[in-house]
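Please read the structure below before turning to the comments.
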Amino acid sequence: MNGVRSNQDDADATAGPAPDDGHDLAPDDADQLADPALDGVELRHLRGFLAVAEERSFTHAADRLRIGQPALTRAVRALEATLGVRLLDRTTRRVALTDAGRRLYADLAPLLPRLAAALRSPAGPGLLRLGFTSLLPAACGTLVTEFKAATGAKVRLVRRDTPLAGLETGESDVVVLRGEVPRNAGLRTALLFREPRVAAVPRAAAPGSLARRRVLDWAELAELPLVVNTVTGTTRPELWPADRRPRLACTAGNFDEWLEAVAAGHGVGVAPEGVAERHPHPRIRYVRLKNAPPVPVRLALPARDADPLAERFFALGGQHRR
Numbered sequence: 002m003n004g005v006r007s008n009q010d011d012a013d014a015t016a017g018p019a020p021d022d023g024h025d026l027a028p029d030d031a032d033q034l035a036d037p038a039l040d041g042v043e044l045r046h047l048r049g050f051l052a053v054a055e056e057r058s059f060t061h062a063a064d065r066l067r068i069g070q071p072a073l074t075r076a077v078r079a080l081e082a083t084l085g086v087r088l089l090d091r092t093t094r095r096v097a098l099t100d101a102g103r104r105l106y107a108d109l110a111p112l113l114p115r116l117a118a119a120l121r122s123p124a125g126p127g128l129l130r131l132g133f134t135s136l137l138p139a140a141c142g143t144l145v146t147e148f149k150a151a152t153g154a155k156v157r158l159v160r161r162d163t164p165l166a167g168l169e170t171g172e173s174d175v176v177v178l179r180g181e182v183p184r185n186a187g188l189r190t191a192l193l194f195r196e197p198r199v200a201a202v203p204r205a206a207a208p209g210s211l212a213r214r215r216v217l218d219w220a221e222l223a224e225l226p227l228v229v230n231t232v233t234g235t236t237r238p239e240l241w242p243a244d245r246r247p248r249l250a251c252t253a254g255n256f257d258e259w260l261e262a263v264a265a266g267h268g269v270g271v272a273p274e275g276v277a278e279r280h281p282h283p284r285i286r287y288v289r290l291k292n293a294p295p296v297p298v299r300l301a302l303p304a305r306d307a308d309p310l311a312e313r314f315f316a317l318g319g320q321h322r323r
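Using the numbering used here, the first residue of the sequence shown is number 2, and each one after it goes up by one.
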């Protein structure tokens with residue numbers, strides 16, 4: 002302080018840069034890492050080659066990696082082109098490793114799992130916040146399991162009774178949404194599947210013994226009062242023709258309010274089929290609907306600057322589309 006330098010300061014100033022605990026790369030190692038021949042090699046190329054080498058089949062390897070066979074073929078050919086050597090002999094009946102392919106497989110097989118572990122280690126296992134509204138589709142259970150196995154990340158389920166399930170407030174990284182997504186929401190979406198609808202009928206106040214019906218036609222609901230969840234619901238009078246729409250009985254701001262309004266006899270509700278299985282109610286009977294438009298179920302994430310784990314989950318979800 003006050004312009005006085007200690008002996009240690011002088012020693013530090015003249016000693017030069019501190020050694021890096023022996024972790025500096027030797028010149029030969031640095032030259033190998035800067036080899037232009039490696040610039041075109043991507044991890045997906047190596048994973049694709051490894052899978053084909055083990056399965057001896059492009060078809061089986063593509064199924065294992067959950068990608069299309071043309072994409073897998075392109076990945077292997079790109080690796081061969083970058084390395085300048087043929088790795089696989091292909092015929093209509095068999096796939097076999099060349100000598101170069103056998104050498105690469107022997108070196109690569111133990112290294113690739115270690116590389117994957119190394120890439121995960123700097124930030125730890127990571128956490129993905131998966132948002133949803135009233136009901137997470139059962140199909141997402143398989144998707145979450147596969148994502149955790151592939152990434153080692155943890156998944157936190159976030160329920161938010163908002164139109165975008167917490168994505169708009171930063172509380173979720175990727176979300177499952179039902180119904181139509183506003184085009185100006187700044188999102189990328191992927192359709193997972195379409196879900197049938199059911200009618201939720203109050204047992205006590207159902208007109209014309211409606212609660213005893215086994216099937217209802219979509220058009221019949223136009224004659225009945227409708228309870229609508231205006232925030233996260235998927236059914237509104239606008240789904241019917243303009244000259245034949247149900248009367249709006251009352252509105253609700255979330256799923257639980259909607260459920261109790263139907264149970265109280267204010268009107269009939271319409272919901273995705275999964276609600277009947279996951280939310281039974283003693284004063285409500287769920288009735289199958291015919292000719293009802295299905296509910297689109299989508300994954301959504303921000304169109305820009307999405308979390309890397311959200312990107313992985315989104316890509317995996319695209320492979321589960323049905």
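Think of the CB as a built atom: it goes at the ideal place given N, C-alpha and C, for glycine as much as any other residue.
Query raised in the report: Helix, strand or coil: which one does DSSP assign to Leu158?
Result: On the sequence shown, residue 158 is found 157 positions in, with the first residue counted as 1. Note: Leu158 maps to strand in three-state DSSP.
**Report entry** Residue range of the unbroken alpha helix (DSSP H) whose run includes Val53
**Finding:** As a first step, residue 53 is located in the sequence shown; it is residue number 52 there, counting from the start. Unbroken alpha helix (DSSP H) run through Val53: Leu44 to Glu56.
Query raised in the report: Between Leu80 and His46, is the Cβ-Cβ spacing less than 7 Å?
Result: Taking the sequence shown and counting its residues from 1, one reaches residue 80 at position 79. Taking the sequence shown and counting its residues from 1, one reaches residue 46 at position 45. Result yes, Cβ atoms of Leu80 and His46 sit closer than 7 Å.
Report task. With DSSP collapsed to three states, give me the class of Leu290. Result -> As a first step, residue 290 is located in the sequence shown; it is residue number 289 there, counting from the start. The DSSP-derived three-state label of Leu290 is strand.
Query - Straight-line Cα distance separating Pro238 from Val232 - result: In the sequence shown, counting from the first residue as 1, residue 232 sits at position 231. In the sequence shown, counting from the first residue as 1, residue 238 sits at position 237. Using only the alpha carbons, I get a separation of about 14 Å.
Query raised in the report: When DSSP labels each residue in this structure, what does Ala304 get in the three-state scheme?
Result: Position 303 of the sequence shown, counted from the start, is the residue given in the question as residue 304. Coil, per DSSP.
Report task. For the alpha helix (DSSP H) containing Arg75, list its first residue and its last residue. Result -> One-based indexing of the sequence shown puts residue 75 at position 74. Counting along the chain, the alpha helix (DSSP H) containing Arg75 begins and ends at Gln70 to Leu84.
Report task. Could you check the C-alpha separation between Gly127 and Phe315 for me, to the nearest Å? Result -> Within the sequence shown, the letter at position 126 stands for residue 127. Within the sequence shown, the letter at position 314 stands for residue 315. In a straight line, the C-alpha of Gly127 is about 16 Å away from that of Phe315.
**Report entry** 6 Å Cβ shell around Gly102 - same chain, five flanking residues per side excluded
**Finding:** Mapped onto the sequence shown, residue 102 falls at position 101. Contacts found: Leu88 and Leu89.
Query raised in the report: Are the beta-carbon atoms belonging to Ser58 and Phe256 less than 7 Å from one another?
Result: Along the sequence shown, read from residue 1 onward, the residue named residue 58 stands at position 57. Along the sequence shown, read from residue 1 onward, the residue named residue 256 stands at position 255. Taking 7 Å as the Cβ cut-off, Ser58 and Phe256 do not qualify as a contacting pair.
Query raised in the report: In whole angstroms, what separates the C-alpha of Val229 from that of Thr236?
Result: Against the sequence shown, residue 229 aligns to sequence position 228. Against the sequence shown, residue 236 aligns to sequence position 235. Rounded to whole angstroms, Val229 to Thr236 spans 7 Å at the Cα level.
Query - Backbone CA spacing between Asn292 and Glu221 [nearest angstrom] - result: In the sequence shown, the residue the question calls residue 292 occupies position 291. In the sequence shown, the residue the question calls residue 221 occupies position 220. In a straight line, the C-alpha of Asn292 is about 10 Å away from that of Glu221.
Query raised in the report: With 16 as the cutoff for other CB atoms within 10 Å, does Leu73 come out buried or exposed?
Result: Sequence index remark: in the sequence shown, residue 73 carries index 72 (1-based). It counts as buried.
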